[in-house]
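Enquirer:
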Amino acid sequence: MRHITFQHELKRLGVPLKTLRKIEHERTTQRIVRESAKVVILSSLISSLGGFGLESVQAKLVAFLPFLILLPALNDMVGSFGATISSKFTTMLFMKKIHTHNWMHDPELKALFMKVMTVGAITSLMMGALAYGISLLRGFPFHWLILIELLSVSLLATMLLVLVLFAVSIIGGIYVHNRGHNPDNYLIPLTTAIGDLGGILIITAVLLWLV
2 MRHITFQHEL KRLGVPLKTL RKIEHERTTQ RIVRESAKVV ILSSLISSLG
52 GFGLESVQAK LVAFLPFLIL LPALNDMVGS FGATISSKFT TMLFMKKIHT
102 HNWMHDPELK ALFMKVMTVG AITSLMMGAL AYGISLLRGF PFHWLILIEL
152 LSVSLLATML LVLVLFAVSI IGGIYVHNRG HNPDNYLIPL TTAIGDLGGI
202 LIITAVLLWL V
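Heads up: the sequence shown is residues 2 to 212, going by my numbering.
Structure representation (structure tokens):
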């Protein structure tokens, strides 16, 4: 009875017929594994590209200790933003709170964008300052220019990556949803990998510019 009620609720929300049939005839775990497998492999390949990029500037990264400290924190934060944006947008799609043909004017999506941007801006500046403070404790010399560059890179990288993650989540989410799949199974690993790669590429570019 509980399963039937759940199916009726999904139908009321306008979930695509393909998705309903898959839910009825396939176990949830099997469906998640099947839909996510290819995306997880692709995400791993994307993350590997970031590793190759770090190899090319390894010596410079060690020399600029604040950037070395900032990088993992930045990647972790942006990856979390990717998962949050993807899951929130997927929920809006399934709950019919957003229309795929008019998403640019949706107030809830705009509110989500402003919240993530605000939190990202504040957190990125805090992380940059904390990374520089830790590097000073480890013997890194103080330079105002390096501090300003670190804070600027942290802020701009976060803002740029949030824009990219929103674009991927919206375009990819609408495409996957219209094909009768659950966007969460595709978008969360993909946006996390894109966030990792983006953060590494930005830090790499900055180091190549500084030295």
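Built from N, CA and C at the ideal position, the CB exists for glycine as well.
Computed from a prediction, not measured in an experiment: that's the story for all the values here.
Name the two residues that bound the continuous alpha helix (DSSP H) containing Gly-121.
Expert: 108-138
Enquirer: If you draw a straight line from the alpha carbon of Gly-174 to that of Leu-164, how long is it in whole angstroms?
Expert: 15 angstroms
Enquirer: Just mark Ile-5 as buried or exposed, buried being the case when its beta carbon has 16 or more other beta carbons within 10 Å.
Expert: Residue placement at Ile-5 cannot be trusted, given a pLDDT of 47 that sits under 50; the coordinates are not used to answer.
Enquirer: Quick one: what does DSSP say Met-93 is sitting in, helix, strand or coil?
Expert: helix
Enquirer: Looking at the unbroken alpha helix (DSSP H) that takes in Met-160, where does it start and where does it end?
Expert: 145-179
Enquirer: Quick check on the burial criterion: 16 or more other C-beta atoms within 10 angstroms. Buried or exposed for Pro-108?
Expert: exposed
Enquirer: Counting only the same chain and skipping the five closest in sequence on each side, list residues whose C-beta sits under 6 angstroms from that of Met-2.
Expert: In this predicted model, Met-2 has a pLDDT of only 43, less than 50, meaning its place in the structure is not dependable; the value taken from the coordinates is given anyway. Within the same chain, Met-2 has no close Cβ partners at all.
Enquirer: Check whether the Cβ atoms of Met-160 and Gly-121 lie closer than 9 angstroms to each other.
Expert: yes
Enquirer: Assess contact between the segment 112-126 and the segment 186-200, defined as three or more Cβ pairs (one per stretch) separated by less than 8 angstroms. Is contact present?
Expert: No: the two stretches stay apart, fewer than three of their Cβ pairs being nearer than 8 angstroms.
Enquirer: Tell me the DSSP secondary structure of Pro-1 in three-state form.
Expert: With the chain covering 2 to 212 only, the question about residue 1 has no answer from this structure.
Enquirer: For Tyr-133 versus Leu-148, is the C-beta distance shorter than 9 angstroms?
Expert: yes
Enquirer: Would you decide whether Leu-138 is buried or exposed? Buried here means 16 or more other CB atoms lie within 10 Å of its CB.
Expert: exposed
Enquirer: Excluding sequence positions up to five away, which residues of its chain have a Cβ less than 7 angstroms from the Cβ of Ala-158?
Expert: If we look at Ala-158 and ignore the five residues flanking it on each side, its Cβ neighbours are Leu-75, Gly-200 and Ile-203.
Enquirer: By DSSP, does Phe-65 sit in helix, in strand, or in coil?
Expert: coil
Enquirer: Can you tell which of Lys-97, Thr-124 and Leu-72 has its C-alpha closest to the C-alpha of His-178?
Expert: Lys-97
Enquirer: Could you give the DSSP three-state label for Ile-1: helix, strand or coil?
Expert: With the chain running from 2 to 212 in the structure shown, residue 1 is simply not present.
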